[in-house]
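**Q** Dropping the structure in here first, questions after.
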Amino acid sequence: AQSVAQPEDQVNVAEGNPLTVKCTYSVSGNPYLFWYVQYPNRGLQFLLKYITGDNLVKGSYGFEAEFNKSQTSFHLKKPSALVSDSALYFCAVRAVNFGNEKLTFGTGTRLTIIP
Amino acid sequence: DAGITQSPRHKVTETGTPVTLRCHQTENHRYMYWYRQDPGHGLRLIHYSYGVKDTDKGEVSDGYSVSRSKTEDFLLTLESATSSQTSVYFCAISELGDNSPLHFGNGTRLTVT
Numbered sequence: 678a679q680s681v682a683q684p685e686d687q688v689n690v691a692e693g694n695p696l697t698v699k700c701t702y703s704v705s706g707n708p709y710l711f712w713y714v715q716y717p718n719r720g721l722q723f724l725l726k727y728i729t730g731d732n733l734v735k736g737s738y739g740f741e742a743e744f745n746k747s748q749t750s751f752h753l754k755k756p757s758a759l760v761s762d763s764a765l766y767f768c769a770v771r772a773v774n775f776g777n778e779k780l781t782f783g784t785g786t787r788l789t790i791i792p
Numbered sequence: 553d554a555g556i557t558q559s560p561r562h563k564v565t566e567t568g569t570p571v572t573l574r575c576h577q578t579e580n581h582r583y584m585y586w587y588r589q590d591p592g593h594g595l596r597l598i599h600y601s602y603g604v605k606d607t608d609k610g611e612v613s614d615g616y617s618v619s620r621s622k623t624e625d626f627l628l629t630l631e632s633a634t635s636s637q638t639s640v641y642f643c644a645i646s647e648l649g650d651n652s653p654l655h656f657g658n659g660t661r662l663t664v665t
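In order, the protein sequences belong to chains B and C. Under this note's numbering, residue 792 is the last one in the first sequence; the count climbs by one each step, no gaps. Under this note's numbering, residue 665 is the last one in the second sequence; the count climbs by one each step, no gaps.
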């Protein structure tokens with residue numbers, strides 16, 4: 678079975694500092710990987726995805742993520758945090774070519790940017 | 553924002569009553585999904601649809617049913633609501649299925665007393 682782990686429930690970062698939100702996964706074979714962000718009282722919004730190709734994926738709002746196959750990780754990063762980046766972030770994974778398997782979401786990481 | 557409307561936005565109901573949540577899309581996307589969001593669990597898939605009248609079960613489908621009679625509407629029914637079904641329910645759509653991004657509605661907060 679596939680799974681996603683977001684080891685930190687809460688991450689606090691000072692405004693202007695780089696931020697990292699961690700995600701590790703487990704699938705049979707190759708993965709499709711996604712990051713979503715959720716603001717209060719809203720649905721999730723798509724940030725970026727890794728399907729194939731370059732390990733460094735760039736997405737919305739200046740975010741990027743690096744796919745590391747050997748470490749089975751897909752950490753979300755941003756060089757300089759903004760207060761407006763404060764939100765709940767979800768990583769999701771699906772195995773490539775694995776029947777009818779659907780996306781599995783992590784439990785989320787709450788990111789707080791401190792002014 | 554993608555054209556997804558969930559109704560109602562909030563509902564309080566009593567244990568044992570049936571409840572229907574509605575998801576309406578204006579994007580003409582083929583795939584539609586119902587998720588529930590609970591603290592400590594992230595999002596879990598309840599049911600999904602890959603076309604009109606084509607639906608299938610997700611991870612946590614017990615106690616729920618769905619129907620899709622039109623491309624734009626996907627209904628989630630709690631046949632006999634229980635307190636464990638108190639949650640926030642999200643509808644999502646995607647154009648190409650599992651490899652394409654999901655677009656989410658703003659959710660329905662359901663409380664079963």
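Glycine included, C-beta positions come from ideal geometry on N, C-alpha and C.
Which residue wins for smallest C-alpha separation from C:Glu566, given the options C:Glu631, C:Tyr587, C:Tyr585 and C:Arg620?
**A** Out of C:Glu631, C:Tyr587, C:Tyr585 and C:Arg620, C:Glu631 has the C-alpha closest to the C-alpha of C:Glu566.
**Q** Taking just the CA atoms, how far does C:Tyr641 sit from C:Ser635?
**A** Spanning the two alpha carbons is a distance of roughly 14 Å.
**Q** How would you call C:Thr672, buried or exposed, if buried means at least 16 neighbouring beta carbons within 10 angstroms?
**A** Given that chain C is displayed from residue 553 to residue 665, the structure contains no residue 672 of chain C and the question cannot be resolved.
**Q** Please list, in chain order, the chain B residues whose beta carbon lies closer than 8 Å to that of C:Phe642.
**A** Per Cβ cutoff of 8 Å: Gly720 and Leu721.
**Q** Residues in the region 706-720 of chain B with C-beta within 8 Å of chain C's C-beta atoms, listed in sequence order?
**A** Correct list: Tyr709, Phe711, Tyr713, Asn718, Arg719 and Gly720.
**Q** Does the distance from the CB of B:Ala764 to the CB of B:Thr781 come in under 8 Å?
**A** Against a cut-off of 8 Å, the Cβ pair of B:Thr781 and B:Ala764 comes out as no contact.
**Q** Determine whether the Cβ of B:Leu780 lies closer than 8 Å to any Cβ atom of chain C.
**A** Chain C, which has a Cβ nearer than 8 Å to the Cβ of B:Leu780, makes this yes.
**Q** Is the beta carbon of B:Arg771 closer than 8 Å to that of B:Gln648?
**A** Look at the range of chain B in this structure, 678 to 792, and you will see that residue 648 of chain B is not part of it.
**Q** Can you name the residues of chain C whose CB is closer than 8 Å to the CB of B:Arg787?
**A** Correct list: empty, because the minimum Cβ distance to chain C is about 11 Å.
**Q** Over the uninterrupted beta strand (DSSP E) stretch that includes B:Glu741, give me the two end residues.
**A** That run of the beta strand (DSSP E) goes Glu741 to Asn745.
**Q** Using a C-beta to C-beta distance shorter than 8 Å, which residues of chain B count as neighbours of C:His496?
**A** Given that chain C is displayed from residue 553 to residue 665, the structure contains no residue 496 of chain C and the question cannot be resolved.
**Q** Hey, would you say B:Pro695 sits closer than 8 Å to B:Lys735, going by beta carbons?
**A** No, these two residues do not count as a Cβ contact at 8 Å.
**Q** Return the residue from the list B:Asn707, B:Asp762 and B:Pro792 that minimises the CA-CA distance to B:Gln715.
**A** Per the Cα distances, B:Asp762.
**Q** Please report the straight-line C-alpha distance between B:Gly739 and B:Leu725, rounded to a whole angstrom.
**A** Straight-line Cα distance between these residues: approximately 10 Å.
**Q** State the start and end residues of the unbroken beta strand (DSSP E) segment that holds C:Thr660.
**A** Counting along the chain, the beta strand (DSSP E) containing C:Thr660 begins and ends at Thr660 to Val664.
**Q** Give a yes or no on whether the minimum CB-CB distance between B:Thr701 and chain C is below 8 Å.
**A** Not one chain C Cβ lies under 8 Å of B:Thr701.
**Q** Run through chain B and tell me which residues come within less than 7 Å of C:Leu662, C-beta to C-beta.
**A** Here the premise fails: no neighbours, minimum Cβ distance about 15 Å.
**Q** Does DSSP classify C:Val604 as helix, strand or coil?
**A** It is coil, neither helix nor strand.
**Q** For the region 702-713 of chain B against the region 562-577 of chain C, are there 3 or more C-beta pairs whose distance is under 8 Å?
**A** Result no; under three Cβ-Cβ pairs closer than 8 Å.
**Q** Could you tell me whether the Cβ of C:His593 comes closer than 8 Å to any Cβ of chain B?
**A** Judged by the 8 Å Cβ criterion, C:His593 is in contact with chain B.
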